[in-house]
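Novice: Taking the numbering used here, I'd label the letters of the sequence shown as residues 372 to 663. Built from N, CA and C at the ideal position, the CB exists for glycine as well. What you are looking at is a predicted structure, and each value in this text was computed from that prediction instead of being measured.
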Amino acid sequence: LTRENLQRGDWKELEFKEYNFNAKGPPAEAGHLHPLLKVKQQFMNIFLQIGFEEMPTNNFVESSFWNFDALFQPQQHPARDSHDTFFLEAPSTTRELPEDYVQLVKRVHESGGYGSRGYMYDWKREEANKNLLRTHTTAVSARMLYALAKQPFAPKRYFSIDRVFRNESVDRTHLAEFHQIEGLVCDRGLTLGDLIGVLDNFFSRLGMSKLRFKPAYNPYTEPSMEIFSYHEGLKKWVEIGNSGMFRPEMLLPMGFPEDVRVIAWGLSLERPTMILYGIDNIRDLFGHKVDL
Ligand SMILES: COC[C@@H]1[C@H](c2ccc(C#Cc3ccccc3)cc2)[C@@H]2CN(C(=O)Nc3ccc(OC4CC4)cc3)C[C@@H](O)[C@@H](O)CN12
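1. So, helix, strand or coil for Ile-634, using DSSP?
2. Helix or strand or just coil, what does DSSP make of Asn-652?
3. Out of Asn-538, Ile-634, Pro-619 and His-507, point me to the one whose CA is closest to Gly-666's CA.
4. Could you check whether the stretch 516 to 526 touches the stretch 622 to 638, counting it as contact only if at least three pairs of C-beta atoms, one from each stretch, sit closer than 8 Å?
5. Determine contact between the stretch 500 to 513 and the stretch 455 to 472, defined as no fewer than three beta-carbon pairs at a distance below 8 Å.
6. In this structure, what does DSSP give as the bridge partners for Gln-551?
7. Is the stretch 594 to 601 touching the stretch 409 to 425 in the sense that three or more CB pairs, one from each, lie closer than 8 Å?
8. Can we say the stretch 519 to 539 touches the stretch 485 to 493, given the rule of at least three CB pairs closer than 8 Å?
9. DSSP puts Arg-528 in a beta bridge; with which residues?
10. Could you give the first and the last residue of the continuous alpha helix (DSSP H) run that contains Arg-374?
11. So what does DSSP say about Asp-455, is it helix, strand or coil?
12. Enumerate in chain order the residues of its own chain whose CB-to-CB distance from Tyr-648 is below 7 Å, with the five nearest sequence positions on each side excluded.
13. Closest to Gly-568 by CA distance: which of Gln-551, Trp-636 and Ser-540 is it?
14. Considering only DSSP beta bridges, list what Asp-542 is partnered with.
15. Roughly how many angstroms separate the alpha carbons of Ala-499 and Phe-436, rounded to a whole number?
16. Just to check my reading of the structure: Phe-657 and Arg-534 have Cβ atoms closer than 8 Å, yes? What is that Cβ distance to the nearest angstrom?
17. Tell me the residue span of the beta strand (DSSP E) that contains Lys-607.
18. As a quick exercise: from Asn-376, Ala-394, Glu-424 and Pro-445, pick the residue whose alpha carbon is nearest that of Tyr-664.
19. Report the option in Phe-573, His-545 and Asp-542 whose CA atom is closest to the CA atom of Arg-528.
20. Taking 7 Å as the limit between beta carbons, can you name the residues of its chain near Ala-513, skipping five residues before and five after?
21. Ignore the nearest five residues each way along the sequence and tell me which others in Leu-663's own chain have a CB closer than 7 Å to its CB.
22. In the structure shown, what three-state DSSP assignment does His-448 receive?
23. Helix, strand or coil, according to DSSP, for Ser-595 in the structure here?
24. Give the DSSP-derived three-state secondary structure of Thr-464 in the structure shown.
25. Mind checking Arg-374: buried by the 16 CB within 10 Å criterion, or exposed?
26. With a threshold of 7 Å, establish whether the CB of Val-479 neighbours any heavy atom of ligand 1.
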């Protein structure tokens, strides 16, 4: 039907069939929820069911102070190197830190206290001021615990599920960023048994029972444990996370009473999502194909 023969009126001779209003149109391509967000919602529901409150994680940029120093992670630790951490050029330094607390952190790094020897090095404020992309959500846990320690003591359960950034080489199963899931319980007199109990409760809600634990090391927790679960589908033991008890050198400078303990654990969102959705290349989780 061109403009010409429309104007000439040829169409008047044409035979048109009845319009069928019951004909089905082409199937509308509906949207899909992203697998990561569906699994995130599952984890969030579990945390909320067992009485955990969500921490505010809406700051990707963090100071080295909250990301490392407050966690008693020494300034010469390799994780603080630019090969593992994304430091910011602008704004390169943090605007403000709680000065009285900074002095207590400096002292515990340099000379210990509370029964600790410390690391016996010259702690530098310039190092703590450096802005970075947070390498773990434990930086948020540090901020929340510091705020909690300023109140009259009350037990708390917090969780966070958000993006963290590591300056690592990317490959089929590793990207420069991932979503960390972290839970913590703060109360008087908590023991490693309470940590094991909380982990049993949490992971059993995901169908992961029969947990096994292996001694591990984190700069900010002592003791620390890697967490394993026997995966019926894969017929093998799978590492499902890491955990531990925050050190007194982290908690006592915040101002917590001596008998307050914090048990905490972490895992990633990508690993369970890839397993639950049978995705073997992590890039398939993110947008269009990017061949790095
Ligand atoms: C550099 O990233 C390390 C990441 C990530 C990780 C590791 C440790 C923490 C932590 C912590 C922590 C420790 C103490 C106190 C506070 C936080 C958080 C994320 C996962 C943690 N991991 C991990 O998620 N594994 C996992 C979790 C769930 C799962 O469910 C499947 C349905 C069955 C399967 C697998 C363990 C390994 O994948 C490990 O090789 C990779 N880990």
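Specialist: Reading it off the structure:
1. strand
2. coil
3. Residue 666 falls outside the range modelled here, since the chain spans only 372 to 663, and no answer is possible.
4. yes
5. yes
6. Asp-533 and Ser-639
7. no
8. no
9. Val-556
10. 374 to 379
11. coil
12. Pro-406
13. Trp-636
14. His-545
15. 4 Å
16. Wrong, their Cβ atoms sit about 12 Å apart, outside the cutoff.
17. 607 to 617
18. It is not possible to answer for residue 664, since the shown part of the chain is limited to 372 through 663.
19. Phe-573
20. Trp-437, Ala-441 and Leu-442
21. Because the pLDDT of Leu-663 is 46, which lies under 50, any placement of that residue in the model is unreliable, and the number read from its coordinates should be weighed accordingly. These residues qualify, in order along the chain: Val-541.
22. coil
23. strand
24. strand
25. exposed
26. no
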